[in-house]
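Novice: Before anything else, here's the structure in question.
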Amino acid sequence: MLVDLLFTCFAVFSVLGALGLIIFRHPMNGAMSFLVTLVSLAGLYALLSAKLLFALQLIVYAGAIMSLVVFVIMFLNIQPDQLPAEKTKITYLVAGGVAVTPVAFFLLKVVNRLPNMPVSFADEGFGGVKEVGLIFFREWLVPFEIVSILLLTALVGAVVLAGKREKNK
Amino acid sequence: MEHSTFYLGMIPLYPLLGAVCIGLFHVLTCKRWQVPPLVYGLLACVGPAMSFFLALRVFFELRALPLDARFFTYKAFTWFSVGDLHLDMGFLADPLSGLMLLFVTFIGTLIHVYSIGYMSGDKSYAKFFAYMNLFLGSMLILVLGDSPVVMFVGWEGVGLCSYLLISYYSEDRDNVLAGNKAFIVNRIGDLGFVLGMGFLFWAIGSHGFDFLSLKANAHMMTESSILIVCLLLFVGATGKSAQIPLYVWLPDAMAGPTPVSALIHAATMVTAGVYMVARFSFLYVEVAAAGMIVAWIGILTALVAAIFGMFQDDIKKVLAYSTVSQLGYMFAGVGVTAYSAGIFHVFTHAFFKALLFLGAGAVIYVLHHEQNIWKMGGLKKKMPITYWTMLIGALALAGCPPFAGFFSKDEILYSALANGHFFIWLIGVLVAAMTAYYTFRMIFVVFHGQPRDQQAYDHAHEAPLVMTVPLIILAIGALFAGFYNLPAMFGGEQMISHWLAPSVADQHPHGSFLLEFFVIATSVAAFAFGLWVAYKRFGKGAEEPVFTGFARFAYHKFYVDELYDAVFVRPYKAIGAEISEGVEPNMTDAPVTGVVRLYMRVGTLVKVLQSGYVRVYAIYMVLGLGIMSFILSQSLN
Amino acid sequence: MIHDYLVLSVILFCLGVVGVFARRNFFTVFMSVELMLNASNLAFIAFARLQQNMDGHVLALLIMAVAAAEAALALAVVILLHKQTGKLDTNVFSLLKG
Numbered sequence: 055m056l057v058d059l060l061f062t063c064f065a066v067f068s069v070l071g072a073l074g075l076i077i078f079r080h081p082m083n084g085a086m087s088f089l090v091t092l093v094s095l096a097g098l099y100a101l102l103s104a105k106l107l108f109a110l111q112l113i114v115y116a117g118a119i120m121s122l123v124v125f126v127i128m129f130l131n132i133q134p135d136q137l138p139a140e141k142t143k144i145t146y147l148v149a150g151g152v153a154v155t156p157v158a159f160f161l162l163k164v165v166n167r168l169p170n171m172p173v174s175f176a177d178e179g180f181g182g183v184k185e186v187g188l189i190f191f192r193e194w195l196v197p198f199e200i201v202s203i204l205l206l207t208a209l210v211g212a213v214v215l216a217g218k219r220e221k222n223k
Numbered sequence: 227m228e229h230s231t232f233y234l235g236m237i238p239l240y241p242l243l244g245a246v247c248i249g250l251f252h253v254l255t256c257k258r259w260q261v262p263p264l265v266y267g268l269l270a271c272v273g274p275a276m277s278f279f280l281a282l283r284v285f286f287e288l289r290a291l292p293l294d295a296r297f298f299t300y301k302a303f304t305w306f307s308v309g310d311l312h313l314d315m316g317f318l319a320d321p322l323s324g325l326m327l328l329f330v331t332f333i334g335t336l337i338h339v340y341s342i343g344y345m346s347g348d349k350s351y352a353k354f355f356a357y358m359n360l361f362l363g364s365m366l367i368l369v370l371g372d373s374p375v376v377m378f379v380g381w382e383g384v385g386l387c388s389y390l391l392i393s394y395y396s397e398d399r400d401n402v403l404a405g406n407k408a409f410i411v412n413r414i415g416d417l418g419f420v421l422g423m424g425f426l427f428w429a430i431g432s433h434g435f436d437f438l439s440l441k442a443n444a445h446m447m448t449e450s451s452i453l454i455v456c457l458l459l460f461v462g463a464t465g466k467s468a469q470i471p472l473y474v475w476l477p478d479a480m481a482g483p484t485p486v487s488a489l490i491h492a493a494t495m496v497t498a499g500v501y502m503v504a505r506f507s508f509l510y511v512e513v514a515a516a517g518m519i520v521a522w523i524g525i526l527t528a529l530v531a532a533i534f535g536m537f538q539d540d541i542k543k544v545l546a547y548s549t550v551s552q553l554g555y556m557f558a559g560v561g562v563t564a565y566s567a568g569i570f571h572v573f574t575h576a577f578f579k580a581l582l583f584l585g586a587g588a589v590i591y592v593l594h595h596e597q598n599i600w601k602m603g604g605l606k607k608k609m610p611i612t613y614w615t616m617l618i619g620a621l622a623l624a625g626c627p628p629f630a631g632f633f634s635k636d637e638i639l640y641s642a643l644a645n646g647h648f649f650i651w652l653i654g655v656l657v658a659a660m661t662a663y664y665t666f667r668m669i670f671v672v673f674h675g676q677p678r679d680q681q682a683y684d685h686a687h688e689a690p691l692v693m694t695v696p697l698i699i700l701a702i703g704a705l706f707a708g709f710y711n712l713p714a715m716f717g718g719e720q721m722i723s724h725w726l727a728p729s730v731a732d733q734h735p736h737g738s739f740l741l742e743f744f745v746i747a748t749s750v751a752a753f754a755f756g757l758w759v760a761y762k763r764f765g766k767g768a769e770e771p772v773f774t775g776f777a778r779f780a781y782h783k784f785y786v787d788e789l790y791d792a793v794f795v796r797p798y799k800a801i802g803a804e805i806s807e808g809v810e811p812n813m814t815d816a817p818v819t820g821v822v823r824l825y826m827r828v829g830t831l832v833k834v835l836q837s838g839y840v841r842v843y844a845i846y847m848v849l850g851l852g853i854m855s856f857i858l859s860q861s862l863n
Numbered sequence: 036m037i038h039d040y041l042v043l044s045v046i047l048f049c050l051g052v053v054g055v056f057a058r059r060n061f062f063t064v065f066m067s068v069e070l071m072l073n074a075s076n077l078a079f080i081a082f083a084r085l086q087q088n089m090d091g092h093v094l095a096l097l098i099m100a101v102a103a104a105e106a107a108l109a110l111a112v113v114i115l116l117h118k119q120t121g122k123l124d125t126n127v128f129s130l131l132k133g
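Residue numbers (the numbering used here), protein chains in the order written: chain A, 55 to 223; chain B, 227 to 863; chain C, 36 to 133.
Okay, here's the thing in structure tokens:
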């Protein structure tokens with residue numbers, strides 16, 4: 055009972071946050087809505103017995119990535135008149151909804167074919183730190199290392215892109 | 227033949243190689259160092275001379291063969307083999323082509339030697355000799371061809387060389403126009419030839435398209451198809467051999483150098499039509515109407531050309547019309563199925579007409595390219611060798627016994643009368659009289675009497691040795707060539723008629739001795755009459771006449787050229803201009819440019835899709851995804 | 036019911052797609068992309084729960100790492116673009132216009 059209520063809450067909040075993201079004009083408002091979505095999603099992960107990911111979503115996504123985005127938005131000091139004047143926003147949104155309908159339709163059809171099971175909390179050996187860690191360092195070791203290299207590349211790239219330029223460039 | 231007949235293929239090859247060598251040598255050296263002209267001249271004479279020796283060998287080998295198998299062939303390579311049509315580049319040596327080979331190569335060599343002297347001092351010496359060798363090679367292909375198509379290769383080749391050589395002095399536009407005229411009129415004839423060949427192929431070509439097979443299969447054709455083929459082929463002959471209505475190019479062709487006129491437009495190329503009719507004698511003899519048309523056109527051409535020749539004032543034009551007239555005689559001969567008589571006249575005519583042209587060339591050369599006979603006179607004392615050789619040539623042309631022309635012309639007239647063609651014979655006698663008249667008019671005006679242009683006369687001298695020796699050799703030929711076909715009543719054996727018998731379908735008339743005597747008597751009388759009239763008017767020196775009435779009409783060649791110009795040339799040019807200005811931009815250019823513009827417009831329309839905004843491209847992606855999901859969801863049902 | 040989670044994932048994904056091409060503001064576009072990534076994360080985890088297999092969790096974690104790297108670079112680029120042109124409109128950059 056409680057689980058269903060929680061699920062409904064989290065779902066509604068995430069959808070509302072997404073809608074806010076795509077409707078608000080100022081990106082700050084959109085970022086805040088997106089934050090709501092991220093936190094709701096973290097809750098949904100918890101309901102699905104993904105304990106580590108629940109924590110990581112909150113720490114990494116909502117905590118690090120979104121704070122970086124908000125930081126940059128504030129750094130650029132965007133004034134309302136600097137924002138693009140999107141007169142056709144509503145039109146595009148509605149048309150976009152129409153355009154995306156076949157995709158959604160198809161995906162929903164696919165989903166309907168899958169077996170529908172009730173979701174209950176799993177036991178101890180599922181979704182915890184120890185279990186995820188073991189899998190990471192056993193079957194998924196190589197992708198793990200490659201992703202770390204990817205992060206290094208991103209780091210270097212970001213420094214190069216946004217760093218100070220020489221005077222004679 | 228058991229042994230190799232490879233040398234048969236070498237006969238046309240030597241002059242062709244000579245042409246290529248001279249041409250390449252000239253092109254490679256003309257910018258670097260001055261090659262003495264004599265080198266080109268001697269190089270050019272090597273090919274024809276070697277062909278002449280090979281022609282002699284062909285002749286002796288043919289003589290060694292039995293009468294019923296007197297031919298041999300040589301196949302150089304397979305030209306193409308498509309469906310029913312299988313053609314080889316093959317050469318056929320039989321009595322007819324053997325005879326033609328002999329005098330073509332002999333006179334060709336002599337004229338090449340003569341040209342060394344005549345063309346000295348000219349700046350495009352090498353070009354001239356290259357073209358002459360090329361011409362001789364093509365003529366030999368024509369004569370030796372073993373199928374109508376190979377003959378046509380040579381036919382076209384000689385037409386091309388005729389054009390190249392007529393336009394040789396190309397700085398003067400009129401010469402180039404004359405060359406154009408020759409080529410275009412020839413082309414019209416060639417159309418007839420090609421149609422005739424095509425028709426022949428359609429009728430009996432599937433059993434083999436060389437002369438030997440055609441001869442064997444000719445009986446399979448219907449009479450009307452034989453008639454059509456014969457007439458179409460004869461159209462080609464009227465073009466090449468300058469008969470009515472396509473003779474208009476030959477007088478203009480005198481714009482070329484005189485050796486060209488001698489070789490091409492007297493001795494060899496123009497006789498190709500007669501040779502062709504003789505080759506196809508197995509067809510012409512089947513249908514009497516074909517031969518009759520050929521004979522009548524021939525004799526009428528002879529008449530008209532003789533009338534023109536009587537009034538010309540250019541020494542080469544007189545000889546040109548004389549050539550047309552004598553060609554008419556030859557066609558009259560082959561038309562009345564006396565093929566060997568016609569070929570015999572070709573043989574003798576080659577000697578004396580070449581002689582006359584070369585002599586005229588000597589006169590022109592000595593007088594520094596003066597060609598108007600009314601500016602000459604009294605050259606008898608200054609140029610004796612030229613005078614005596616030209617006199618021999620003139621007597622041969624006019625038909626004076628015992629010179630060559632008398633026997634050949636007499637043979638034709640006798641065959642005409644003996645086969646029952648009275649009017650052809652009558653016109654022939656009339657033309658003989660006119661021939662004597664205009665020939666001796668020319669001789670008397672040029673060589674006798676008082677010089678009309680004293681200054682030119684003082685500078686005149688005999689032509690150099692390299693020019694007079696060929697004249698003498700040809701004069702000997704003109705004197706004695708007739709004896710090869712001496713009729714029985716003079717104790718001869720008719721050697722040429724018997725020699726040609728395996729090749730041509732002669733119908734030997736059986737006339738009485740009295741008939742023959744009658745014909746000879748009338749021919750001699752006609753000659754004497756013409757000579758007498760010419761002597762009376764021009765023998766003691768005469769003034770340039772002023773022409774009125776009919777004479778003026780004839781002097782202007784009955785205005786035939788102007789008529790052709792108005793009826794054919796100008797409308798054709800107008801149509802061409804109309805098409806190029808009106809039809810072509812709209813009909814052929816418009817669709818092409820229309821397609822181009824269509825592409826450009828479609829491109830401009832499609833360009834709208836390339837907006838450059840990433841967002842729009844993302845929209846395209848989503849649209850594509852939507853379509854794909856739609857299709858996939860259908861399949862999921 | 037597991038279907039509910041999957042349907043929610045589909046809805047969030049489509050909202051992200053709409054956001055990418057319906058808005059001209061660079062940040063909104065960028066965050067819509069992150070929204071799409073999150074939606075797929077949810078799907079992975081839902082399937083992992085369905086199949087009782089931890090691979091879904093691992094993949095979700097890797098996606099998060101990639102998203103982080105991408106965020107860093109995208110924000111560096113937007114700072115550069117803002118320095119160059121002073122605008123945040125994606126329609127301004129149309130050098131590929133044909």
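The C-beta atom is built at its ideal place from N, Cα and C for all residues, glycine as well. These numbers were taken from a predicted model, which means no experiment stands behind them.
Report, in whole angstroms, the separation of the C-beta atoms of residue 634/B and residue 574/B, which I expect to be a contact under 8 Å.
Specialist: Contact flag correct, Cβ pair sits at about 4 Å.
Novice: Can you confirm whether the segment 377-391 of chain B touches the segment 494-513 of chain B when touching is taken to mean that 3 or more C-beta pairs between the two stretches lie within less than 8 Å?
Specialist: The answer is yes - the segment 377-391 of chain B touches the segment 494-513 of chain B, with three or more Cβ pairs under 8 Å.
Novice: What does residue 153/A touch in chain B if you count any residue whose Cβ is under 7 Å from its own?
Specialist: 848, 849, 852
Novice: Along the segment 168-194 of chain A, what residues have a CB closer than 8 Å to any CB found in chain B?
Specialist: When C-beta distances to chain B are compared with 8 Å, every residue of the segment 168-194 of chain A stays at or above that value.
Novice: Does any residue of chain A have a CB that is nearer than 8 Å to the CB of residue 71/C?
Specialist: no
Novice: Counting along the chain, where does the alpha helix (DSSP H) carrying residue 75/C start and finish?
Specialist: 61-86 is the span of the alpha helix (DSSP H), which, as asked, contains residue 75/C.
Novice: Starting from residue 499/B, trace the beta strand (DSSP E) both ways and give me its first and last residue.
Specialist: That residue, residue 499/B, is in no beta strand (DSSP E); its alpha helix (DSSP H) goes 498-505.
Novice: Could you give the C-beta distance for residue 491/B and residue 448/B, rounded to a whole number, given that I count them as a contact under 8 Å?
Specialist: At roughly 38 Å, the Cβ-Cβ gap does not stay under 8 Å, so residue 491/B and residue 448/B are not in contact.
Novice: Assign residue 412/B to buried or exposed, taking buried as 16 or more other Cβ atoms, counted over all protein chains shown, within 10 Å of its Cβ.
Specialist: buried
Novice: Under the assumption that residue 87/A contacts residue 75/A (Cβ atoms under 8 Å), give the Cβ distance between them as a whole number of angstroms.
Specialist: 5 Å
Novice: Taking DSSP's pairing of strands, which residues face residue 724/B in a bridge?
Specialist: Partner(s): none; residue 724/B has no beta bridge.
Novice: Does chain C have any CB closer than 8 Å to the CB of residue 860/B?
Specialist: So no, residue 860/B is outside the interface.
Novice: Can you name, in chain order, every residue of its own chain whose Cβ lies under 8 Å from the Cβ of residue 853/B, other than the five neighbours on each side?
Specialist: none
Novice: Does any CB atom of chain C fall closer than 8 Å to the CB of residue 132/A?
Specialist: yes
Novice: Within 8 Å, do at least three Cβ pairs link the segment 75-93 of chain C to the segment 177-186 of chain A?
Specialist: yes
Novice: On the criterion of 16 or more Cβ atoms from any shown chain inside 10 Å, does residue 478/B qualify as buried, or is it exposed?
Specialist: With 16 or more other Cβ atoms within 10 Å, it is buried.
Novice: Under 8 Å, do residue 682/B and residue 609/B count as touching if we go by C-beta distance?
Specialist: no
Novice: Could you tell me the distance, in whole angstroms, from the CA atom of residue 708/B to the CA atom of residue 493/B?
Specialist: 16 Å
Novice: Taking residue 143/A as the query, report the chain C residues whose CB atoms sit under 9 Å from its CB, ordered along the chain.
Specialist: 57, 58, 59
Novice: With 16 other CB atoms within 10 Å as the buried threshold, where does residue 446/B fall?
Specialist: With fewer than 16 other Cβ atoms within 10 Å, it is exposed.
Novice: Within a Cβ cutoff of 6 Å, which residues of the same chain sit near residue 360/B, ignoring the five residues on either side of it in sequence?
Specialist: 245, 387
Novice: Can you name the start and end residues of the beta strand (DSSP E) that residue 301/B belongs to?
Specialist: 298-308
Novice: According to DSSP, is residue 685/B helix, strand or coil?
Specialist: helix
Novice: Could you spell out the range, first to last residue, of the beta strand (DSSP E) harbouring residue 319/B?
Specialist: 311-319
Novice: Give the single residue among 311/B, 324/B, 349/B whose Cα lies nearest to the Cα of residue 277/B.
Specialist: 324/B
Novice: With a cut-off of 8 Å on the beta carbons, I'd call residue 647/B and residue 511/B a contact; round off their distance for me.
Specialist: Not confirmed; about 15 Å, so no contact.
Novice: Pick from 97/C, 37/C, 48/C: whose alpha carbon is nearest that of residue 159/A?
Specialist: 48/C
Novice: Residue 87/C touches chain A at which residues, Cβ-Cβ below 9 Å?
Specialist: 176, 180
Novice: Would residue 62/C count as contacting chain A if we go by Cβ distances under 8 Å?
Specialist: yes
Novice: 8 Å is my cut-off, CB to CB: does residue 224/B come that close to chain C?
Specialist: Because chain B here runs from 227 to 863, residue 224/B falls outside it and cannot be looked at.
Novice: With a threshold of 8 Å between beta-carbons, can residue 855/B be considered close to chain A, or not?
Specialist: yes
Novice: Helix, strand or coil for residue 91/C, going by three-state DSSP, please let me know.
Specialist: helix
Novice: Return the first residue and the last residue of the alpha helix (DSSP H) that residue 233/B is part of.
Specialist: 232-255
Novice: Pick helix, strand or coil for residue 222/A, following the three-state DSSP scheme.
Specialist: With a pLDDT of only 49 at residue 222/A, under the threshold of 50, the placement of this residue in the model should not be trusted, and no figure is reported.
Novice: Does residue 68/C come within less than 8 Å of chain A when only Cβ atoms are used?
Specialist: no
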